[in-house]
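Trainee: Chains A and B supply the protein sequences, listed in that same order.
Throughout, the working numbering is defined as the position within the first sequence, counted from one, plus 399.
Throughout, the working numbering is defined as the position within the second sequence, counted from one, plus 911.
Using N, Cα and C, we set each Cβ at its ideal position, and we do this for glycine too.
Take this structure first; my questions come after.
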Amino acid sequence: DTGVSQDPRHKITKRGQNVTFRCDPISEHNRLYWYRQTLGQGPEFLTYFQNEAQLEKSRLLSDRFSAERPKGSFSTLEIQRTEQGDSAMYLCASSRGLVGTEAFFGQGTRLTVV
Amino acid sequence: AQTVTQSQPEMSVQEAETVTLSCTYDTSESDYYLFWYKQPPSRQMILVIRQEAYKQQNATENRFSVNFQKAAKSFSLKISDSQLGDAAMYFCAYRSPYSGGGADGLTFGKGTHLIIQP
């Protein structure tokens, strides 16, 4: 499968624990995005990478959140000291070429904080 | 900041009939991109159709077409000959042509849940 893959698909964690999610974009895509989607809402933009550079961070991305994309390939999103409000679906998307081209989404990681 | 509004939380249509999903947006930009994405249950979001604001011609993709009214800031999706596989959440999204300063990434509406009645 050559689409965007995310791991794990589901994560249940206790409040206060740290969690890390991984995203593998389509191999030739230089742009990578993270979104958060809560129940009944559309996805909300969190952060954006162009190659290995993190160029944009939403104000939704608190200090407890950090994202990396070493070598411009896969990306990780870490949440430290998780809170119940962090429970959501975390989506990764990738694209290439000019701004406004199609973004391809992964199936997401569903995080439940108990 | 741009906003996207989908005023129909849920729509229902008989199989083989036509349904229109509405979307309005607010922006001060003159050039931008608009998208409709489909999110089936437990599956990834996929692009249905894309419109560039500078193009007056409405985009079409097989049974899917849009009615893009730039002055009214309206971007509705028409699905003709509805099929059971069309059942999903549909999200309207906006993308600025710029980068940086909060412009990166898509701005989504809250979605419309489309039900297809057999």
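Tell me whether residue 1014 (chain B), by its Cβ, gets closer than 7 Å to a heavy atom of the ligand NAP.
Mentor: For the ligand NAP, the structure offers nothing, since it holds no ligand at all.
Trainee: What did DSSP end up calling residue 483 (chain A) once you bin it into helix, strand or coil?
Mentor: Three-state result, residue 483 (chain A): helix.
Trainee: For residue 948 (chain B) and residue 914 (chain B), I'd like the C-alpha separation in whole angstroms.
Mentor: When rounded, the distance between both Cα atoms is 16 Å.
Trainee: Against chain E, with Cβ distances strictly below 8 Å, would residue 937 (chain B) count as a contact?
Mentor: Looking for chain E here will not work: the only protein chains present are A and B.
Trainee: Around the Cβ of residue 481 (chain A), are there at least 16 other Cβ atoms within 10 angstroms (buried) or fewer (exposed)?
Mentor: Residue 481 (chain A) should be labelled buried.
Trainee: Name the chain B residues whose beta carbon is nearer than 7 Å to that of residue 471 (chain A)?
Mentor: Under the 7 Å cutoff, chain B gives no residues; its nearest Cβ is about 16 Å from residue 471 (chain A).
Trainee: Find out if the Cβ-Cβ distance for the pair residue 472 (chain A), residue 428 (chain A) is shorter than 8 Å.
Mentor: No, they are not a contact pair.
Trainee: At the level of alpha carbons, what is the spacing between residue 530 (chain A) and residue 447 (chain A)?
Mentor: Since the first residue of chain A shown is 400 and the last is 513, residue 530 (chain A) is not available in this structure.
Trainee: In the DSSP assignment, what residue or residues form a beta bridge with residue 984 (chain B)?
Mentor: For residue 984 (chain B), which the question treats as bridged, DSSP gives no partner whatsoever.
Trainee: When we look at the beta-carbon of residue 435 (chain A) and count the other beta-carbons within 10 Å, is it buried (16 or more) or exposed?
Mentor: Looking at its Cβ environment, which holds 16 or more other Cβ atoms inside 10 Å, residue 435 (chain A) is buried.
Trainee: Of all Cβ atoms in chain A, is any one closer than 8 Å to the Cβ of residue 962 (chain B)?
Mentor: Answer no: the Cβ-Cβ gap between residue 962 (chain B) and chain A never drops below 8 Å.
Trainee: Provide the residue span of the beta strand (DSSP E) that contains residue 466 (chain A), from first to last.
Mentor: Element bounds for residue 466 (chain A): 464-467.
Trainee: Mind checking if residue 902 (chain B) is an interface residue toward chain A, Cβ cutoff 8 Å exclusive?
Mentor: Because chain B in this structure spans residues 912 to 1029, residue 902 (chain B) falls outside the shown range and cannot be described.
Trainee: So the beta strand (DSSP E) residue 959 (chain B) belongs to, where does it begin and stop?
Mentor: Where residue 959 (chain B) is concerned, the enclosing beta strand (DSSP E) stretches over 957-963.
Trainee: Determine contact between the region 1009-1024 of chain B and the region 963-971 of chain B, defined as no fewer than three beta-carbon pairs at a distance below 8 Å.
Mentor: No, the region 1009-1024 of chain B does not touch the region 963-971 of chain B.
Trainee: Over what stretch of residues does the beta strand (DSSP E) that includes residue 477 (chain A) continue unbroken?
Mentor: Residues 474-478.
Trainee: Which residues in the same chain as residue 414 (chain A) place their Cβ atom closer than 8 Å to its Cβ, once the five residues preceding and following it in sequence are excluded?
Mentor: Answer for residue 414 (chain A): 481, 482, 483, 512 and 513, listed in chain order.
Trainee: Name the DSSP beta bridge partners of residue 515 (chain A), please?
Mentor: As shown, chain A starts at 400 and ends at 513. That puts residue 515 (chain A) outside it, with no answer to give.
Trainee: From residue 937 (chain B) to residue 984 (chain B), what distance separates their C-alpha atoms?
Mentor: Residue 937 (chain B) and residue 984 (chain B): Cα-Cα distance of roughly 7 Å.
Trainee: How far does the beta strand (DSSP E) with residue 404 (chain A) in it reach, from first residue to last?
Mentor: Where residue 404 (chain A) is concerned, the enclosing beta strand (DSSP E) stretches over 404-406.
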